[in-house]
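Following: one structure in structure tokens, then a few remarks.
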Amino acid sequence: MLFTDFVGFSKIAESLSPQELITDLNEHFIVFDAIVAKHNLEKIKTIGDAYMCAGGIPVTNNTHAVDAILAAIEIQSYMLEANAKREAEGRPIWELRIGIHTGPVVAGVIGSWKFAYNIWGDTVNIASRMESCSEGGRVNISNATFDMVKDWFSCMYRGKVAAKNKDEVDMYYVEKELRRVMLL
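Mapped onto the numbering used here, the consecutive letters of the sequence shown carry residue numbers 12 to 195.
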């Protein structure tokens, strides 16, 4: 489960016209969509300036945690390039927080109209907390995700961090890829 959110989005929104804001947000989300698809993740939805996707659904796989981190690293790399360009043009930069958590979810479609594929469960809540406890430009992961990816990525242990409506949660920042992942 991967969540993104732009740091200081309300302040950015105040400095742009509504059309500029939506154009910029759309530009970023189109790139996110391509990266997410490339890494076999399923986009669930956008919620304002937040982007939500997950691996291992609708088809279960064993690579979902690695896939999510590779996508997160690529998204942050894209944001660095986009922000360098924006800064050179005198435009506001868009810092991005990313959080990832691994665990069981229920996925499907409910309701009788405006159908949308969605996911539910505590994993979704914890992934959201990973994002909100992150810093701009960083990828924050839970201990559950770290256990699945520690052979592929160097991570910095942050300690137990208080998360809204949760006990303290072991968190890690992804530092770098240790080896190229060749997964089937």
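From the three backbone atoms N, C-alpha and C, an ideal C-beta is built for every residue, glycine too.
For the stretch 48–65 and the stretch 172–192, state whether three or more C-beta atom pairs, one from each stretch, are separated by less than 8 Å. no
I need the DSSP call for residue 168, collapsed to helix, strand or coil. The residue you call residue 168 lines up with position 157 of the sequence shown. Strand.
What's the gap between the Cα of residue 13 and the Cα of residue 139? Residue 13 sits at position 2 when you count from the first residue of the sequence shown. Residue 139 sits at position 128 when you count from the first residue of the sequence shown. Approximately 8 Å between the Cα atoms of the pair.
With a threshold of 6 Å on Cβ separation, who are the neighbours of residue 81 within its own chain once the five nearest residues in sequence on each side are excluded? As a first step, residue 81 must be located in the sequence shown, where it is residue number 70. Non-local beta-carbon contacts of residue 81 in its own chain, meaning distances under 6 Å to residues more than five positions away in sequence, involve 50 in chain order.
Inter-residue Cα distance where the pair is residue 143 and residue 136: Within the sequence shown, numbered from 1, the residue matching residue 143 stands at position 132. Within the sequence shown, numbered from 1, the residue matching residue 136 stands at position 125. Computed Cα separation, rounded: 11 Å.
Under 8 Å by Cβ, that's how I've got residue 116 and residue 128 pegged, so tell me the actual separation to the nearest angstrom. As a first step, residue 116 is located in the sequence shown; it is residue number 105 there, counting from the start. As a first step, residue 128 is located in the sequence shown; it is residue number 117 there, counting from the start. With a Cβ gap of about 12 Å, residue 116 and residue 128 do not count as contacting.
Suppose the cutoff is 8 Å on Cβ atoms and the five residues either side in sequence are ignored; what does the same chain contact list for residue 27 look like? For the purposes of this step, residue 27 is taken as residue 16 along the sequence shown, with counting starting at 1. So the qualifying residues of the chain are 35 and 103.
Beta carbon of residue 196, beta carbon of residue 100: below 7 Å? The requested residue 196 does not occur in the structure, where the chain is confined to residues 12 to 195.
Leaving out five residues before and five after residue 21 in sequence, what residues of the same chain have Cβ atoms less than 8 Å from its Cβ? Along the sequence shown, one-based indexing puts residue 21 at 10. Around residue 21: no qualifying Cβ.
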